Every structure is written in C-alpha cells, then in structure tokens.
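Peer 1: Take this structure, written in structure tokens, and hold onto it; I'll ask about it next.
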Amino acid sequence: MVRSHALALMLLALPAAALAQDSSLTMVVVPTATLKLADALAQAQANSPAYRQTLNDAGPARWGVRNAYGQFLPSVNVQGGVGYTGSGQSNFGGGFIRPTSPQVSSNYGLSLDWQLNGSVLSGPATQKANQRATVEDIANATANLKFDVTSQYLTSLQASAQVAVNRQQVIRQDDFLKLARAKYEVGQSTLIDVRQAEVQKGQAVVALLRSIQADNEAKLELFRRMGIIPPVSVTAIALTDSFPVVEPVYDLTQLLAQAAEQNPSLRALEAREDAARWGTRAARSAYLPTLSLSAGWSGFTQRQTDEALLLNQSLAGAQGSAQDCFYQDSIRVGLGFPGVVGTCNQAAGLSATGTALSPATRNAILSSNNVGMFDFQSQPFRVSLTLSVPIFTGFGRTLRVSQARATQEDLNESVRARGLAVRAEVEARHMSLNTTYQAIIVQAANRSAALDQLRLAQDRYRLGSGTSLELSTAQNDVVRAEGDYINAVYDYHKAVAALEAAVGRPLR
Numbered sequence: 001m002v003r004s005h006a007l008a009l010m011l012l013a014l015p016a017a018a019l020a021q022d023s024s025l026t027m028v029v030v031p032t033a034t035l036k037l038a039d040a041l042a043q044a045q046a047n048s049p050a051y052r053q054t055l056n057d058a059g060p061a062r063w064g065v066r067n068a069y070g071q072f073l074p075s076v077n078v079q080g081g082v083g084y085t086g087s088g089q090s091n092f093g094g095g096f097i098r099p100t101s102p103q104v105s106s107n108y109g110l111s112l113d114w115q116l117n118g119s120v121l122s123g124p125a126t127q128k129a130n131q132r133a134t135v136e137d138i139a140n141a142t143a144n145l146k147f148d149v150t151s152q153y154l155t156s157l158q159a160s161a162q163v164a165v166n167r168q169q170v171i172r173q174d175d176f177l178k179l180a181r182a183k184y185e186v187g188q189s190t191l192i193d194v195r196q197a198e199v200q201k202g203q204a205v206v207a208l209l210r211s212i213q214a215d216n217e218a219k220l221e222l223f224r225r226m227g228i229i230p231p232v233s234v235t236a237i238a239l240t241d242s243f244p245v246v247e248p249v250y251d252l253t254q255l256l257a258q259a260a261e262q263n264p265s266l267r268a269l270e271a272r273e274d275a276a277r278w279g280t281r282a283a284r285s286a287y288l289p290t291l292s293l294s295a296g297w298s299g300f301t302q303r304q305t306d307e308a309l310l311l312n313q314s315l316a317g318a319q320g321s322a323q324d325c326f327y328q329d330s331i332r333v334g335l336g337f338p339g340v341v342g343t344c345n346q347a348a349g350l351s352a353t354g355t356a357l358s359p360a361t362r363n364a365i366l367s368s369n370n371v372g373m374f375d376f377q378s379q380p381f382r383v384s385l386t387l388s389v390p391i392f393t394g395f396g397r398t399l400r401v402s403q404a405r406a407t408q409e410d411l412n413e414s415v416r417a418r419g420l421a422v423r424a425e426v427e428a429r430h431m432s433l434n435t436t437y438q439a440i441i442v443q444a445a446n447r448s449a450a451l452d453q454l455r456l457a458q459d460r461y462r463l464g465s466g467t468s469l470e471l472s473t474a475q476n477d478v479v480r481a482e483g484d485y486i487n488a489v490y491d492y493h494k495a496v497a498a499l500e501a502a503v504g505r506p507l508r
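One point on numbering: in the numbering used here, the residue at position 33 of the sequence shown is 33, and numbering is uninterrupted.
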C-alpha cells in the first residue's frame, strides 16, 4: 500500500513538472538567420556536389571542339638526345672482329606530320554536337536541382507550419487542463476529467516535439541538397518565402506544346540523338581515303673518346688503301703504263715510309673527332606525301558503323519514349494541380467547421452542458483539420513546382 501511494504521488507530480518543461515549447523561437528560396537555389548551384560534377563536363566538351579543328593543322614534334657507347668489339661476321672505341653522341630531330581523312572532316560537327549535348545535360541538371531544392524548401515550410499547429494545440490543451482543474476544485467535474486533460496535454506535447524534430530534419535535408553545412543551428534558421495560392488557369494544350520544346530532359536526349547521328556519319567516313604528309629535319654528332684507337684504325685503313694502290700500280706497270708508286702513301694519307699517318692526316682526323655536343651534322631535309585508300579492314569499319547506327536508333527510341513520358507527366501534374486546388477549398471549409465546433464545445464544457470527451474530440478534429489544410496547401505548391519541372519553364 505504501508503494501504491508513492506511485500515485509521482503520477500527480508529473503533470506539474511536464507543464514547467512544456512552457518553453509553446514559445515561438526568434530566428537568428533567415533563408530565401532564391538564396538556397544560388547556394545549391555553387556548392551541390552532384551538380558541380555535371558542370565539370563543360570544359572537356569545349576542348573537344578545339581539338577537332586542331586536327586540320599539322602536328609538330621536336626531339633531342645524348648517348654513350662503351668500348668493346664489333663482330661483322666471317670471323672479322673490330675493336670499338667508347663513343659520345647527340642528336636532334624536327618532324611535321599532317593527315586528312573523313574522321578529321566530320570532327568539328561531331564535337559541336557533343558540346550541345553537354550544354543540354547541364541545363537538365540545373532544372532537376531547382526542382529538388524547391520541393525540399516547401517541405521545410510545411514542417514549420505543422509545428505552429501543434504548438497551438499544446496551448489549447493547457487551457483545457486549467479549466478541468478549476471545475474539479469547485466540484463541477470529476478527477477523470482532470486526468483526461493531462493525457491530452501530454499527447499534444509529444506531437509538438515530433513535429519540431521533423522540421529540423527537413532543414538539414535542405542544406544537404544545397551542398553546404548550416552556418548556425537549424533550430535558429527560418525560411522566409511565402507562396500565393491562386486558381490554376493553365491551358493543357499550350502546356503540352511548351513541354515538347522546353522540357530539359527531353532536350538533353534530343541533343544526344543529334550527337549520335554525327557519330554514325563519322563512322561511315572511314571508307574515305586518307591523305598524309610527313616532313622532317635532323642532325647528329659522334665523338670517339679513345683517340689512340681511332688513329690506329685510321692508320690500318690508310695502309690498306696504300696496298690497293700498290697492287693496281703493279698491274699498270705490267701493262706498260707508267707507275705512281711515289704517290700511293701520300694519297692514302701516310708518311713517306708508309708506317705512320702523315701529320696533316693525323691532325685532320683528330680535328674531325673533336666535336661538341651541339656541333650537329645536319641530315638532308625529307618530305613525303601519301594517299591511301582502305580496301579491306576485316569488317572493322562495318562493325563500327553498325554500332554507331545502333546507338543512334536506341537514342531515337529514348527520345520517343521520353516524349511520351513528358506528355503523360504534364497531363498528370496538370490534373494534380487542379485536384490540389480543389482540396484546399474543401480543407479550408473543414478547418472553419472544426474551429466552430471547438468553440461550441468549449462553451458547452465551460457552462457544464458538455463533456470533456466532447471537447477533447473537438480539439483533435481541429488539429487534423488544420494539418490537412496545411498539407493541401503545400501539396498545391509542390504540384505547381512539379508542373513547372515537366513543362521546363516557370509558371508563376
């Protein structure tokens, strides 16, 4: 029994404590920051990660067009290098082996290449079509982002309006609780009425807490879609835009015609279809001949670092030439012609005895070997012009044309399917807009009737002719009616936003 009384005392104390805590809930929080829809859209376009990823495609698309025009110009390449070859032996076959000196070499080259074919000729138009498709993709992403942020902004406003409804319900339930206690103290009601009022008050507080949580979560989701972190706590941020409710008078035929021309997703697909058409033409251009031009300049240097080996090899070569001269001279003498023995060693660059190089020859060899890294020996200029006609490529061209045509036909069907979908969306959202507007009228009447019912129930209960259950039911009916009215209003605004997204232009 003692435990039961203690529990009863705790239950009696709870409403008072709850009332002390709930008094702050009924107070309207003064915001420290505000957010307009225009600012939210601007922030989203500047910071939304997914949207910025789409924007990044614009740069490559522009350079694709420039690259296509650049293909009409020749490509120019410059190359240069240095090299080193160590000492060793070179095997020339037949048992002939020659020792080699370490060598230091350098070279340069300048080449020019130019090619003209069907792919080059169709390149600018193809890349321009791809660029237009990218631009339309960005426009479609912009429209989707606007609809996404606007819808969430409306959802946040709707959640805030529900908070106001639930906060007002807490105030009503608090008044009901005070009235029930006052009547109980003078003996005009029972403790059951007081307990029922306390339960209704607690349920209203819970509903208010949940609506506040939903409001904060809606704002957090809005900032997530904007791509930024809230600058202050979302509890201190208020959305300030309001949207008028006007009777929709849009002509469906005109809306359908505008959607066929302006719907962003449809325009993006049509641009991709046009790019695929040019892709098919580019694939077919592989059957055309190719004209190629090539030109170049080059030079090199080479220096042997072992001068003794170089001189010895030169001496051996000169002596071989002198021996050939002696042999030929002997033949000449045998045939009765005058000999030239005295000039063989001189002609080969040897000394008079033929055992060494002459000083002039030796100096010339060393001088020609003494070259710097940039003392290039230029090679003759070269140029060539080629015309090639592809005859058979293993059906590669046929495959590429077939693949390009299949892509184009797929996009043709995608455009047709999207056109049907856009028409259906416009008609459905037009009907939804009219329906939501009619729902606002009905819900406004329901709310007015519920408020009248609540006033009557309050008067009857205050005068003692009505019951607490009747008053509680009337209060709950008001909450539902006000909530349904808010939902109808924002369903209307969302229907307008959805219709604008389907048509592809603002309607208000």
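Glycine included, every Cβ here is placed at the ideal spot set by N, Cα and C.
Quick caveat: nothing in here was measured; it's all calculated off a predicted structure.
Please tell me whether PHE147 and ALA417 are closer than 8 Å, where the distance is taken between their beta carbons.
Peer 2: It is not a contact, given that the beta carbons lie outside the stated cut-off.
Peer 1: Name the DSSP beta bridge partners of SER105, please?
Peer 2: The partner list for SER105 (beta bridge, DSSP) reads GLY83, GLN302.
Peer 1: Assign ILE212 to buried or exposed, taking buried as 16 or more other Cβ atoms, counted over all protein chains shown, within 10 Å of its Cβ.
Peer 2: ILE212 comes out buried.
Peer 1: May I ask you to list the residues that DSSP assigns as paired with GLY296?
Peer 2: For GLY296, which the question treats as bridged, DSSP gives the partners SER111, ARG382.
Peer 1: Using three-state DSSP, classify VAL245 as helix, strand or coil.
Peer 2: Of the three classes helix, strand and coil, the one that applies to VAL245 here is coil, per DSSP.
Peer 1: Secondary structure at LEU9, three-state DSSP: helix, strand or coil?
Peer 2: A caution first: LEU9 carries a pLDDT of 28, below 50, which makes its placement in the model unreliable, though a value can still be read off. Helix, per DSSP.
Peer 1: Mind the definition here: the region 292-309 touches the region 429-437 only if three or more C-beta pairs lie below 8 Å; say whether that holds.
Peer 2: Segments in contact, no.
Peer 1: Using DSSP with H/G/I as helix, E/B as strand and the rest coil, what is VAL232?
Peer 2: Three-state DSSP puts VAL232 in coil, outside helix and strand.
Peer 1: First and last residue of the alpha helix (DSSP H) that includes ALA512?
Peer 2: Absent from the model: residue 512. The displayed extent of the chain is 1 to 508, so no value can be given.
Peer 1: In the structure shown, what three-state DSSP assignment does SER48 receive?
Peer 2: Three-state result, SER48: coil.
Peer 1: Quick check on PRO99: does DSSP put it in helix, strand or coil?
Peer 2: Looking at PRO99 - three-state DSSP - the assignment turns out to be strand.
Peer 1: Using 10 angstroms around the beta-carbon of GLY123, count the other beta-carbons present and answer buried if the total reaches 16, otherwise exposed.
Peer 2: Buried, by the Cβ-count rule.
Peer 1: Hey, how far is the Cα of LYS36 from the Cα of LEU239?
Peer 2: LYS36 and LEU239: Cα-Cα distance of roughly 6 Å.
Peer 1: State the start and end residues of the unbroken alpha helix (DSSP H) segment that holds THR398.
Peer 2: 396-463 is the extent of the alpha helix (DSSP H) around THR398.
Peer 1: Determine the DSSP secondary structure at GLN313, reduced to helix, strand or coil.
Peer 2: Correct three-state label for GLN313: helix.
Peer 1: Please look up how many angstroms separate the CB atoms of ASN47 and ILE228, rounded, as I've assumed it's under 8 Å.
Peer 2: Right, their Cβ atoms sit about 5 Å apart.
Peer 1: Give every residue of the same chain whose Cβ lies closer than 8 Å to the Cβ of GLU252, excluding the five residues on either side of it in the sequence, and list them in chain order.
Peer 2: In the sequence under discussion, the amino acid at residue 252 is Leu, which differs from the Glu named in the question. Taken in chain order, the residues that qualify are VAL426, GLU427, HIS430.
Peer 1: How big is the Cα-Cα spacing for PHE72 and PRO99?
Peer 2: In a straight line, the C-alpha of PHE72 is about 51 Å away from that of PRO99.
Peer 1: DSSP state of VAL76, grouped into three classes?
Peer 2: Correct three-state label for VAL76: strand.
Peer 1: Please name the residue in THR343, VAL422, TYR485, GLU482 whose C-alpha comes closest to that of ASP329.
Peer 2: Nearest option by C-alpha distance: THR343.
Peer 1: Let me know the secondary structure DSSP gives THR34 once reduced to three states.
Peer 2: Strand, per DSSP.
Peer 1: Looking only at its own chain, which residues have a Cβ that is under 8 Å from the Cβ of ARG62, when we skip the five neighbours before and after it?
Peer 2: Here the set comprises GLN131.
Peer 1: Leaving out five residues on either side along the sequence, give the residues of the same chain with a beta carbon under 6 Å from the beta carbon of ALA68.
Peer 2: Within the same chain, ALA68 has close Cβ partners GLY123, PRO124, GLN127.
Peer 1: Could you tell me the distance, in whole angstroms, from the CA atom of PRO60 to the CA atom of ARG66?
Peer 2: Taking the straight line joining both Cα atoms gives about 10 Å.
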